[in-house]
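Presented below is the structure to which this report refers.
Numbering (my numbering), first residue to last: 805 to 1274.
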């Protein structure tokens, strides 16, 4: 199974630790936490039901129990505390974040369904019905000046609040919807409705968080400490969009925001960025450009499961090729655009869990064109151009293409070339102007690309190409 097996082995060994540092061991700074535990459960639950892991079912079951028990061990059970029902953000921390409860609830319910352990179910209900309800209704007017419907970001064990409300907490729709389905308590549906109503204002305009009075300015903001507030965190938006899509489908909000982020392209500063792989760690959503030198690898997994699979098939297919070719590099949370080497020497349990789910759930995109491509396409090698003073190319990737001669009526011959130097490629890959394709040992440069869409989703690309003459 290649990369999938490696990812499974990694999760079985290192969850619920946040990071593993090669040649050193688990990261002592971050230690363990509810985020890696919860996302590891999400992955392992799917492995448990997959025939490829039939021989590992007992070990998987035991690991899920270990991780769910860990979540119980870091849940605040002191009902005199505002953090009651929340989850300690990492070992030794005094902070209890709303997002960690949002992550833990679905995982605990899955563990309950598998094992029948009622404690897991009760912990999920406590987290949603008590802790998250409290975080959505913090004290007024001392923490929030009024009821908004968003969740205060955190509360500590001493009952101090972080009042800001972050769009990433839209991820909580998944768990709250599951609690509503199971309990039929209207409280959970109201929590969902109110949170979506509030956060939609922010996500529609690509904000990250809202700072409520009395401590805040009553305005939406982007990444803290980075005037003029052009940047968003890509993973926050990936989590939010994934959950919102599961709940309301391809809505106007989801399509608008997903397209805006996905269509950000390489720049002079970051010419090697390939948006089909995944999103960068920071997105400048005002100037429409990446604002760092690395991919946030987890977004490839989060986006793939639904959004890319259903609405951006070219990226869905291409990213899988890259991840499998560089499976070890993508275990690190931040592979560089240029060569996929890590920006920091830390392999991430959360990242690997999401990429594992991507590979586990993967099925080829099937439409009229891909059916023809798979039946009649030829193998070509695709080299993505890296613009600069001296043009260079990324590594070659094997793709399929329908290759046709170009008709004389379709082009204007350039001096020194004949009609046989021009070829048209029909592909399901992220080609752009000046990319290179090699077909039957002949190199061609892409002169122009035309996309063909259905309901605004790209079905295939037509690339007009000319032979490269050294």
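For every residue, glycine included, the Cβ atom is placed at its ideal position computed from N, Cα and C.
Just so it is clear, the structure is predicted and the values come from calculations on it, not from any experiment.
Any chance you could list the alpha helix (DSSP H) runs of at least 4 consecutive residues sitting entirely within the stretch 1044-1126, in chain order?
Within the stretch 1044-1126, the alpha helix (DSSP H) runs of at least 4 residues that lie entirely inside it are, in chain order, 1056-1066, 1102-1107.
Can you tell which of 894, 1228, 1223, 1256 has the C-alpha that lies nearest to the C-alpha of residue 1243?
Working through the chain shown from its first residue, we reach residue 1243 at position 439. The option with the nearest alpha carbon to residue 1243 is 1228.
Could I get the ranges of all uninterrupted beta strand (DSSP E) runs contained in the stretch 878-906, with 3 residues as the minimum, in chain order?
899-901
Determine the burial state of residue 1046: buried for a count of at least 16 other Cβ atoms within 10 Å of its Cβ, exposed for fewer.
Position 242 of the chain shown, counted from the first residue, corresponds to residue 1046. Residue 1046 should be labelled buried.
Look at residue 1206 and residue 1186 and say whether their C-beta atoms are less than 9 Å apart.
Translated into the one-based positions of the chain shown, residue 1206 becomes position 402. Translated into the one-based positions of the chain shown, residue 1186 becomes position 382. Here residue 1206 is not near residue 1186, since their CB atoms are 9 Å or more apart.
So is residue 1192 buried or exposed if we call it buried at 16+ other beta carbons inside 10 Å?
Counted from its first residue, the chain shown places residue 1192 at position 388. That one is exposed.
Can you give the Cα-Cα distance for residue 848 and residue 1133, rounded to whole angstroms?
Position 44 of the chain shown, counted from the start, is the residue given in the question as residue 848. Position 329 of the chain shown, counted from the start, is the residue given in the question as residue 1133. If you take the alpha carbons of residue 848 and residue 1133, they lie about 21 Å apart.
My understanding is that residue 1298 touches residue 1189, with C-beta atoms under 8 Å, so please give their C-beta distance in whole angstroms.
The chain is shown from 805 up to 1274; residue 1298 falls before or after that span and cannot be answered.
For residue 992, collect the residues of the same chain with a Cβ closer than 8 Å to its Cβ; drop the 5 residues on either side in sequence, then sort them by chain order.
Mapped onto the chain shown, residue 992 falls at position 188. These residues qualify, in order along the chain: 932, 933, 980, 981, 983, 984.
Are there 16 or more other CB atoms within 10 angstroms of the CB of residue 855, so buried, or fewer, so exposed?
Residue mapping note: residue 855 aligns to position 51 of the chain shown, counting from 1. Per the 10 Å Cβ criterion, exposed.
Inter-residue spacing [alpha-carbon to alpha-carbon] between residue 1039 and residue 955
If you number the chain shown from 1, residue 1039 lands on position 235. If you number the chain shown from 1, residue 955 lands on position 151. Each residue's Cα considered, the two are about 18 Å apart.
Assign residue 1218 to buried or exposed, taking buried as 16 or more other Cβ atoms, counted over all protein chains shown, within 10 Å of its Cβ.
To locate residue 1218, count along the chain shown from 1; it is residue 414. It counts as exposed.
Compare the Cα-Cα distances from residue 1138 to each of 1154, 1056, 1003 and report the closest residue.
The residue given as residue 1138 occupies position 334 in the chain shown. Among 1154, 1056, 1003, the Cα nearest to that of residue 1138 belongs to 1154.
Going along the chain, which residues of its own chain have a beta-carbon closer than 6 Å to the beta-carbon of residue 907, five neighbours each way excluded?
By 1-based counting over the chain shown, the position of residue 907 is 103. Closer than 6 Å at Cβ, skipping near neighbours: 839, 842.
Less than 7 Å between C-beta atoms, sequence neighbours within five positions excluded: which residues of the same chain meet that for residue 1140?
Indexing the chain shown from 1 puts residue 1140 at position 336. Once the five neighbours on either side are set aside, the close Cβ partners of residue 1140 are 1097, 1098, 1147.
Proximity below 9 Å, CB of residue 1042 to CB of residue 1101
Taking the chain shown and counting its residues from 1, one reaches residue 1042 at position 238. Taking the chain shown and counting its residues from 1, one reaches residue 1101 at position 297. No. Outside cutoff.
For residue 1295, which beta-bridge partners are listed by DSSP?
The structure shown does not extend to residue 1295, since the chain spans only 805 to 1274, so no value can be given for it.
Rounded straight-line distance, which links the Cα of residue 1115 to that of residue 1260:
Position 456 of the chain shown holds residue 1260. Position 311 of the chain shown holds residue 1115. If you take the alpha carbons of residue 1260 and residue 1115, they lie about 9 Å apart.
Could you work out which residue in 1263, 1212, 1253, 1164 is closest to residue 812 when comparing CA atoms only?
On the chain shown, residue 812 is found 8 positions in, with the first residue counted as 1. That would be 1164, whose Cα lies nearest to the Cα of residue 812.
Ordered along the chain, which non-local residues of its own chain (more than five positions away) have a Cβ less than 7 Å from that of residue 819?
The residue labelled residue 819 in the question sits at position 15 within the chain shown. Counting only Cβ-Cβ distances below 7 Å, and skipping sequence neighbours, we find 840, 841, 844, 871, 1153.
Under the assumption that residue 1080 contacts residue 1234 (Cβ atoms under 8 Å), give the Cβ distance between them as a whole number of angstroms.
Locating residue 1080 in the chain shown gives position 276, where the first residue counts as 1. Locating residue 1234 in the chain shown gives position 430, where the first residue counts as 1. Rounded, the Cβ-Cβ distance is 4 Å, consistent with contact.
Per DSSP, what kind of secondary structure is residue 838 in: helix, strand or coil?
Here residue 838 refers to the residue found at position 34 when the chain shown is read from its first residue. Looking at residue 838 - three-state DSSP - the assignment turns out to be helix.
Integer Cβ distance of residue 1049 from residue 995, believed to fall under 8 Å:
Within the chain shown, residue 1049 is the residue found at index 245, counting from 1. Within the chain shown, residue 995 is the residue found at index 191, counting from 1. With 8 Å as the limit, residue 1049 and residue 995 do not qualify as a contact, their Cβ atoms being about 19 Å apart.
What is the rounded straight-line gap between the Cα of residue 909 and the Cα of residue 808?
Translated into the one-based positions of the chain shown, residue 909 becomes position 105. Translated into the one-based positions of the chain shown, residue 808 becomes position 4. Their Cα atoms are separated by approximately 25 Å.
For residue 1095, which residues in the same chain have their Cβ closer than 6 Å to its Cβ, ignoring the five residues on either side in sequence?
Start at 1 with the first residue of the chain shown, and residue 1095 comes out as number 291. So the qualifying residues of the chain are 1035, 1086, 1088.
Same chain only: Cβ atoms within 6 Å of residue 874, ignoring 5 sequence neighbours per side:
Here residue 874 is taken as the residue at index 70 of the chain shown, counted from 1. So the qualifying residues of the chain are 820, 841.
Neighbourhood of residue 866 by C-beta distance below 7 Å, restricted to the same chain and skipping five residues each side
By 1-based counting over the chain shown, the position of residue 866 is 62. Excluding residues within five positions, none has a Cβ falling inside 7 Å.
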